Amino acid sequence: MTEEIKLNSSKLGTQEYWNEFYKKELQNFQSNSDDTGECWFDDSDAESKMIQFIVDKIEGGELLNGVSFLDLGTGNGHLLFELSQELKDVDKSFTFHGIDYSAESIEFAKNIANTKFPDVSFKFDQVDLLSDTPFLKNKFDVLLDKGTLDAIALNQDLVDGKRGMDIYAIQVSKMMEKGSILLVTSCNFTENELVKIITSGTELKKWDQIQYPSFQFGGVQGSTVVSIAFIK
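FYI, UniProt numbering numbers position 18 of the sequence shown as 18, with every residue one higher than the one before it.
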């Protein structure tokens with residue numbers, strides 16, 4: 001458990017907020033197909049760094065055979081779309097799957113996929129990651145999280161006595177086999193906090209991490225974004 005690590009609750013941690021957000025994003029896209037919505041963490045270049053990290057691991061032989069990707073909290077699907085484009089010339093077989101608890105998010109991602117990437121096969125499903133859902137029986141090679149744990153942690157409500165951030169890693173690990181990778185990007189947690197949240201009570205261990213420009217304040221060095229890869 002991670003009781004000592006706590007964020008203040010925010011509307012960004014509620015399903016209602018994201019349903020309304022992606023409803024508006026979908027409406028904008030239907031009016032203008034060039035408007036594919038927000039790219040989260042764009043100011044830190046986190047998405048491109050995550051993609052390059054994966055490409056390097058594949059080209060270096062650290063991720064073998066065909067690779068199945070699962071985007072946790074896919075939003076508008078932007079991470080999967082960009083990843084597929086970077087991997088289209090790699091001589092391997094890939095599958096791209098995105099899940100989100102917002103029905104509007106899934107509808108939005110499907111609309112973009114059908115309109116912009118008709119030649120690539122994407123799957124999108126509405127899934128509440130923190131629930132007891134049969135979807136968790138599926139297994140994936142690489143699981144991606146760009147801000148989803150952050151959003152979960154902004155809801156401090158208890159379910160069966162536990163916060164979402166306390167069961168997140170346990171739920172995610174159910175979809176991982178031995179050797180599967182979870183790559184998490186966060187702007188709300190330090191490196192040590194993120195490692196503690198993911199490894200507590202799971203078989204996940206820190207595997208590698210992405211380097212970002214660092215700053216020093218009050219004698220402590222850090223960065224505004226943390227991306228860490230965990231292996232089961």
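Every residue, glycine too, gets a C-beta built ideally from N, C-alpha and C.
This structure is a prediction, so every number in the text was calculated from the model and none was measured.
- Query: What is the residue span of the beta strand (DSSP E) that I231 lies within?
  - Reply: V226 to I231
- Coil, strand or helix - Q126 by DSSP: strand
- Message: Checking the sheet assignment: what are the DSSP bridge partners for Q209?
- Response: I228
- Which of helix, strand or coil does DSSP assign to T14? Assigned with DSSP and collapsed to three states, T14 falls in coil, not helix or strand.
- Message: Can you list, in chain order, the residues of its chain with a C-beta nearer than 6 Å to that of Y22? Leave out the 5 residues immediately preceding and following it.
- Response: Within the same chain, and ignoring the five residues on either side of Y22 in sequence, the residues whose Cβ sits closer than 6 Å to its Cβ are S102, E104, S105 and F108.
- Query: G75: which of I112, Q211 and I5 sits nearest, CA to CA?
  - Reply: Minimum Cα distance to G75 is reached at I112.
- What residue does the beta strand (DSSP E) around S200 start on, and which one ends it? Element bounds for S200: n/a, residue is neither H nor E.
- Test item: CB-CB of S173 and E193 under 8 Å: no
- Message: Within a Cβ cutoff of 7 Å, which residues of the same chain sit near M1, ignoring the five residues on either side of it in sequence?
- Response: At M1 the pLDDT is 42, less than 50, meaning the model places this residue with poor confidence; the figure from the coordinates comes in the next sentence. Cβ within range, chain order: D166 and S200.
- Task: Give every residue of the same chain whose Cβ lies closer than 6 Å to the Cβ of E191, excluding the five residues on either side of it in the sequence, and list them in chain order.
- Result: Cβ within range, chain order: V226.
- Message: Give me the residue from N155, G147, F81 and K92 with the minimum Cα distance to D119.
- Response: Ranking N155, G147, F81 and K92 by Cα distance to D119 puts F81 first.
- Message: Using the Cβ count rule (16 or more neighbours within 10 Å means buried), how would you classify E3?
- Response: Residue confidence is low: E3 scores 49 on pLDDT, short of 50, so the model does not pin down where it sits. Its coordinate-derived value is still stated next. Of the other Cβ atoms in all chains shown, fewer than 16 fall within 10 Å of the Cβ of E3; this residue is therefore exposed.
- Do you know how far the Cα of E62 is from the Cα of F122? 24 Å
- Message: Going by DSSP, what residue range makes up the beta strand (DSSP E) through T115?
- Response: Taken as a continuous stretch (DSSP letters only), T115 belongs to no beta strand (DSSP E), being part of the alpha helix (DSSP H) at A103 to K116.
- Item | Spatial distance of K232 from N138 (CA atoms) | 15 Å
- Could you tell me which of F135, F53, A169 and L130 sits nearest to V159, measuring between CA atoms? Closest by alpha carbon: L130.
- Alpha carbon to alpha carbon, what distance is there between G161 and Q85? 42 Å
- With DSSP as the reference, label I5 as helix, strand or coil. coil
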